[in-house]
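Participant: Below you'll find the structure I mean.
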Ligand code: CA
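Put into structure tokens, the structure is as follows:
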């Protein structure tokens, strides 16, 4: 989960967007911020681009000719080589269902069109920051809870010794909950810590990510408890609850 930077040290961003002017606008602003940007005009080209050179982050439009952004996202998350690449989804619709579907499929963040280039650059750098730094300081430390073990520095999480393929956001969410074991964390607290932005993201985003994280944890998912009306809590001790 530690992305290798390009030779010149700049993080690599792939923009998958069929609308040329939007792709050019996004590429322009990200390049200005020091990112190395490639663009792809459809999903097929996007997947080829990912296979030929792994990007550090993907900006993915949902409305694409051919494969939809949803299909691309699903494909990226299914393949172990690409499962942990952070993805920021662009959606033209204000429809909540679209955003939720994107988050359910494992997008790390989303931006609704029309967006300001400044906002896009901020979101991209926030997601990259999250994906490249562990959630908490204290390298080399292991967090344990029941069958779940997290090596913070190595960004590895296992259940009964089997490694989980978590997205950067899911990893930070799990780490944050385990760090504060036994204490209820509100959705807003989780957004501020695990997402590292005082975001305009709806707190519903947290629910989607917790849902995905639990699914990946399998039976060990019960260790993340829902505290109705408040938020989430990592179970305090063995056999509790
Ligand atoms: Ca489009």
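Numbering (the working numbering), first residue to last: 241 to 481. Even glycine gets a Cβ: it sits at the ideal position worked out from N, Cα and C. Bear in mind that the values here come from a model prediction, so they are computed numbers and not experimental data.
(1) Please find out if some non-hydrogen atom of ligand 1 comes closer than 7 Å to the beta-carbon of residue 304.
(2) Measure from the alpha carbon of residue 477 to the alpha carbon of each residue in 387, 252, 303, 368, then state which is nearest.
(3) Is residue 261 a contact residue of ligand 2, with contact defined as CB to any heavy atom under 7 Å?
(4) Within a Cβ cutoff of 6 Å, which residues of the same chain sit near residue 281, ignoring the five residues on either side of it in sequence?
(5) By the three-class DSSP mapping on this structure, what secondary structure does residue 291 have?
(6) Taking the alpha carbon of residue 345 as the reference point, which residue from 355, 330, 315 has its own alpha carbon closest?
(7) Residues in the same chain with beta-carbon distance under 8 Å from residue 429, minus the five sequence neighbours each way, listed in chain order, please.
(8) Indicate the three-state DSSP secondary structure (helix, strand or coil) for residue 312 in the structure shown.
(9) If you drop the 5 nearest sequence neighbours on each side, which residues of the same chain put their C-beta closer than 7 Å to that of residue 305?
(10) Is it buried or exposed for residue 286, if we count other Cβ within 10 angstroms and need 16 for buried?
(11) Looking at residue 263 and residue 279, is the spacing between their C-beta atoms short of 8 Å?
(12) Count the other CB atoms within 10 Å of the CB of residue 368; is the residue buried (16 or more) or exposed (fewer)?
(13) If you follow the alpha helix (DSSP H) that residue 348 is part of, which residue opens it and which one closes it?
(14) Does DSSP put residue 475 in a helix, in a strand, or in coil?
(15) Between the segment 398-407 and the segment 415-428, are three or more C-beta pairs nearer than 8 Å?
Facilitator: To lay it out plainly:
(1) yes
(2) 387
(3) Of the ligands one can find in the structure shown, namely ligand 1, none is ligand 2.
(4) Within the same chain, residue 281 has close Cβ partners 258.
(5) helix
(6) 315
(7) Excluding residues within five positions, the ones whose Cβ falls inside 8 Å are 471.
(8) Helix, per DSSP.
(9) 258, 282
(10) Buried is the call here.
(11) yes
(12) buried
(13) Where residue 348 is concerned, there is no enclosing alpha helix (DSSP H), given that its DSSP letter is neither H nor E.
(14) coil
(15) Segments in contact, no.
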